[in-house]
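Residue numbers (our numbering), protein chains in the order written: chain A, 7 to 135; chain B, 14 to 270. Below is one structure; the comments refer to it alone.
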Amino acid sequence: MRMHYGFPIMAGLVIFIGLLCAPFALGTAVTKEYKQPEVKLPAGEKECVESTQFMRENHMQLLNEWRDYALRDGKRTYVNHQGKEFTISLQRTCMKCHNSKADFCDKCHNDAGVTPYCWDCHIQPEGLK
Amino acid sequence: MKNNRRTFIKLAAVAAAGLAVAPKAAVASSGGHSPAKVNAKAEHAKQWAMVVDTTKLHSAEEINKLAEICHKTHNVPHIEGKKEVKWLWHDTYAHTFPEQENPHLAEEVHHRDYMLLCNHCENPSCVRVCPTKATFKRADGIVAMDYHRCIGCRYCMAACPYGSRSFNWGEPRHGLDLSKLNPEFPTRMRGVVEKCNFCVERLAEGKDPACVEASEGALAFGDLYDPESPVRKVLRERFTIRRKPSVGTEPCVYYII
Ligand code: SF4
Ligand code: SF4
Chain A
7 MRMHYGFPIM AGLVIFIGLL CAPFALGTAV TKEYKQPEVK LPAGEKECVE
57 STQFMRENHM QLLNEWRDYA LRDGKRTYVN HQGKEFTISL QRTCMKCHNS
107 KADFCDKCHN DAGVTPYCWD CHIQPEGLK
Chain B
14 MKNNRRTFIK LAAVAAAGLA VAPKAAVASS GGHSPAKVNA KAEHAKQWAM
64 VVDTTKLHSA EEINKLAEIC HKTHNVPHIE GKKEVKWLWH DTYAHTFPEQ
114 ENPHLAEEVH HRDYMLLCNH CENPSCVRVC PTKATFKRAD GIVAMDYHRC
164 IGCRYCMAAC PYGSRSFNWG EPRHGLDLSK LNPEFPTRMR GVVEKCNFCV
214 ERLAEGKDPA CVEASEGALA FGDLYDPESP VRKVLRERFT IRRKPSVGTE
264 PCVYYII
């Protein structure tokens, strides 16, 4: 059977598949090593509310729970896994140590391509401009 | 190159299988008990209430001064006109007590300005109509707003008989002096309703509401169900009225006339 427009179709397919594979062929998508963003850690403080590992993995969940504890349950003191107490507040606890949103929060969020809407209301330590 | 792609696909398969069987990551609330508790210094009540002594506090300037303190504390934007946002404001007798008007009211009482704020009603109609429970009644009687949950439907505004709620039609930060913000309190965003919160954040630290602290005794604050509270003491001794008693919301702001 003769194919109508056989050549343009095949050519189009080749170009399409070529483009699809380009990142792999050029070796950028798979082989390029991901470099962890360099966040600026607080100068004076060594320990966060929970361990670094815990915060890295669960800070979003922790903040989500903090929001409900403080606002809905009226509980504003957090007892961590070591039994230490902290005031539940993004602006008055977290951001007092992490005193730069740009050098801490944004670093990872930009790399991960997430834009949490915390900052639509909460005021970053840099202040609003 | 080929090798790389192979290992990548293999690894992806292993990771996917791992995700399917991995135990749920331990989260903060694991262990069955809540790791959060009430502040040690917090003030407690069954139902917070306020008494406004209108014999002492009745001029627009004095009330504006308190409004300014309240609005500064909570980063309430200043917007003129129909889209204004307010937590504490004032109005005339006729607008404040439309049901308690009479044609020959003492002139002095008629000409006073009356301080207005959310009444933190015992039976709040605003809470009943909110479809997302963004506005809710706390155990201590404060009618609170969870701005994270508000979808801006404004049912609560329609339901409040006192006009105590404001809607942010535009970006509220445009109505704020960004150099004079209170960095300890958030702002709000466009499309949410806001109102007085009886200073929950101050009560949690054992402080009186900001307006009460600044009122030089013209405002009393306390637990409506504690016979020894400052509020009950005043209610026992003075004649007071409330706004629109017939609508049945049981407002908790009382006015000494
Ligand atoms: S005054 Fe209005 S907004 Fe405040 S609790 Fe009562 S009904 Fe709700
Ligand atoms: S109680 Fe607090 S939030 Fe409410 S009007 Fe007074 S100062 Fe403002």
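Using N, Cα and C, we set each Cβ at its ideal position, and we do this for glycine too.
* Which same chain residues, not among the five before or five after Q130(A), have their C-beta less than 6 Å away from its C-beta? -> One-based indexing of the first sequence puts residue 130(A) at position 124. For Q130(A), where only same-chain residues beyond five positions count, the Cβ hits under 6 Å are K107.
* Asked: If you count every other CB in all the chains shown that lies within 10 Å of the CB of S192(B), and 16 or more means buried, which is it?
  -> Working through the second sequence from its first residue, we reach residue 192(B) at position 179. When all chains shown are included, S192(B) counts as exposed.
* Check: T86(B) C-beta below 7 Å from any heavy atom of ligand 2 -> As a first step, residue 86(B) is located in the second sequence; it is residue number 73 there, counting from the start. Under cutoff, so the answer is yes.
* Asked: Under 7 Å from any heavy atom of ligand 2, does the C-beta of N64(A) make it?
  -> For this step, residue 64(A) is matched to residue 58 along the first sequence. No, since every heavy atom of ligand 2 falls outside the 7 Å radius drawn around the Cβ of N64(A).
* Those residues which DSSP pairs with D104(B) across a bridge -> What you label residue 104(B) is simply residue 91 of the second sequence in a count that begins at 1. Paired residue(s): Y127(B).
* Asked: I22(B): buried (16+ other C-beta within 10 angstroms of its C-beta) or exposed?
  -> For the purposes of this step, residue 22(B) is taken as residue 9 along the second sequence, with counting starting at 1. Per the 10 Å Cβ criterion, exposed.
* Please list the residues of the segment 80 to 112 of chain A that have a C-beta atom closer than 9 Å to any C-beta atom in chain B, keeping them in chain order. => G80, K81, R82, T83, Y84, V85, N86, H87, E91, T93, I94, S95, L96, Q97, R98, M101
* For R62(A), is the classification buried or exposed, using 16 other Cβ atoms within 10 angstroms of its Cβ as the cut-off for buried? -> Looking up residue 62(A) in the first sequence gives position 56. By the 10 Å Cβ count, R62(A) comes out exposed.
* Assuming I82(B) contacts A217(B) (C-beta within less than 8 Å), just tell me the rounded distance between them. => Taking the first residue of the second sequence as 1, we reach residue 82(B) at position 69. Taking the first residue of the second sequence as 1, we reach residue 217(B) at position 204. About 19 Å separates the two Cβ atoms, so there is no contact after all.
* Host beta strand (DSSP E) of A108(A) (start-end) -> Within the first sequence, residue 108(A) is the residue found at index 102, counting from 1. It is not in any beta strand (DSSP E) - A108(A) carries neither H nor E in the DSSP assignment.
* Does the Cβ of S179(B) have 16 or more other Cβ atoms within 10 Å, making it buried, or fewer, making it exposed? -> On the second sequence, residue 179(B) is found 166 positions in, with the first residue counted as 1. Result: buried.
* To do: For A227(B), name the three-state secondary structure that DSSP assigns.
  => Within the second sequence, the letter at position 214 stands for residue 227(B). Helix at A227(B).
* **Residue range of the unbroken beta strand (DSSP E) whose run includes D74(A)** => As a working mapping, residue 74(A) is identified with position 68 in the first sequence. From DSSP, D74(A) is part of no beta strand (DSSP E) but of the alpha helix (DSSP H) over 58 to 77.
* Stretch pair the segment 14 to 27 of chain A + the segment 55 to 69 of chain A: three plus CB contacts closer than 8 Å -> no
* Per the contact definition of three or more C-beta pairs closer than 8 Å, is the segment 44 to 64 of chain B in contact with the segment 77 to 86 of chain A? -> yes
* **I254(B) - partner residues in DSSP beta bridges** => Taking the first residue of the second sequence as position 1, residue 254(B) is located at position 241. The partner list for I254(B) (beta bridge, DSSP) reads Y268(B).
* To do: Output yes if chain A places a C-beta closer than 8 Å to the C-beta of D221(B); else output no.
  => For the purposes of this step, residue 221(B) is identified with residue 208 of the second sequence, where counting begins at 1. D221(B) does not count as touching chain A.
* Asked: Checking contacts by CB at 8 Å: is D236(B) closer than that to chain A?
  -> Taking the second sequence and counting its residues from 1, one reaches residue 236(B) at position 223. Judged by the 8 Å Cβ criterion, D236(B) is not in contact with chain A.
* Asked: What does DSSP give as the partner residues of F92(A) in its beta bridges?
  -> Numbered from its first residue, the first sequence carries residue 92(A) at position 86. DSSP lists Y84(A) as partners of F92(A).
* **Segments of 3+ residues assigned as beta strand (DSSP E) that fall wholly inside the segment 114 to 163 of chain B** => 127 to 129, 148 to 150, 156 to 158
* Asked: Closest Cβ-Cβ distance between L191(B) and chain A: below 8 Å?
  -> Translated into positions along the second sequence, residue 191(B) becomes position 178. Yes, L191(B) counts as interfacial toward chain A.
* State the Cα-Cα distance for the pair L248(B) and H133(B), rounded to the nearest angstrom. => Here residue 248(B) is taken as the residue at index 235 of the second sequence, counted from 1. Here residue 133(B) is taken as the residue at index 120 of the second sequence, counted from 1. Distance between the alpha carbons of L248(B) and H133(B) is about 17 Å.
* Measure the C-alpha to C-alpha separation of M66(A) and Y123(A) and round it to an integer number of angstroms. => By one-based count along the first sequence, residue 66(A) stands at place 60. By one-based count along the first sequence, residue 123(A) stands at place 117. Roughly 12 Å between the two C-alpha positions.
* To do: Taking M16(A) as part of the alpha helix (DSSP H), name the residues at either end of that continuous run.
  => By one-based count along the first sequence, residue 16(A) stands at place 10. It spans 12 to 32 - the alpha helix (DSSP H) in which M16(A) sits, taken as one unbroken run.
* To do: State whether the segment 132 to 150 of chain B contacts the segment 160 to 179 of chain B, with contact taken as three or more CB pairs (one from each stretch) at a distance under 8 Å.
  => yes
* Considering only the beta carbon of each residue, do F234(B) and N88(B) sit closer than 8 Å? -> On the second sequence, position 221 is the one that residue 234(B) refers to. On the second sequence, position 75 is the one that residue 88(B) refers to. No; because the gap between Cβ atoms is not below 8 Å, this pair is not in contact.
* To do: Buried or exposed for N115(B), please, with buried defined as at least 16 other CB atoms from any protein chain shown within 10 angstroms of its CB.
  => For the purposes of this step, residue 115(B) is taken as residue 102 along the second sequence, with counting starting at 1. Under this definition N115(B) is an exposed residue.
* To do: Please state if the CB of S72(B) and the CB of D126(B) are separated by a distance shorter than 8 Å.
  => Looking up residue 126(B) in the second sequence gives position 113. Looking up residue 72(B) in the second sequence gives position 59. Yes. Within cutoff.
* Where D190(B) sits in the DSSP three-state scheme -> Working through the second sequence from its first residue, we reach residue 190(B) at position 177. Residue state, collapsed to three classes: coil.
* **Residues from the segment 59 to 76 of chain A in contact with chain B, defined by Cβ distance under 7 Å** => E63, N64, Q67, L68, E71, R73, Y75
* Between N52(B) and chain A, is there a C-beta pair that is closer than 8 Å? -> Locating residue 52(B) in the second sequence gives position 39, counting from the first residue. So, interface residue.
* To do: Output, in chain order, the set of chain A residues within a Cβ distance shorter than 8 Å of D239(B).
  => Within the second sequence, numbered from 1, the residue matching residue 239(B) stands at position 226. Near D239(B) there are no residues of chain A at all, since even the closest Cβ is about 18 Å away, more than 8 Å.
* Own chain partners of P90(B) with C-beta closer than 6 Å, once the 5 adjacent residues on each side are dropped -> Locating residue 90(B) in the second sequence gives position 77, where the first residue counts as 1. Cβ within range, chain order: V98, P185, G188, L189.
* By DSSP, does L216(B) sit in helix, in strand, or in coil? -> Counting from 1 along the second sequence, the entry for residue 216(B) is found at position 203. In this structure, L216(B) counts as helix in the three-state DSSP scheme.
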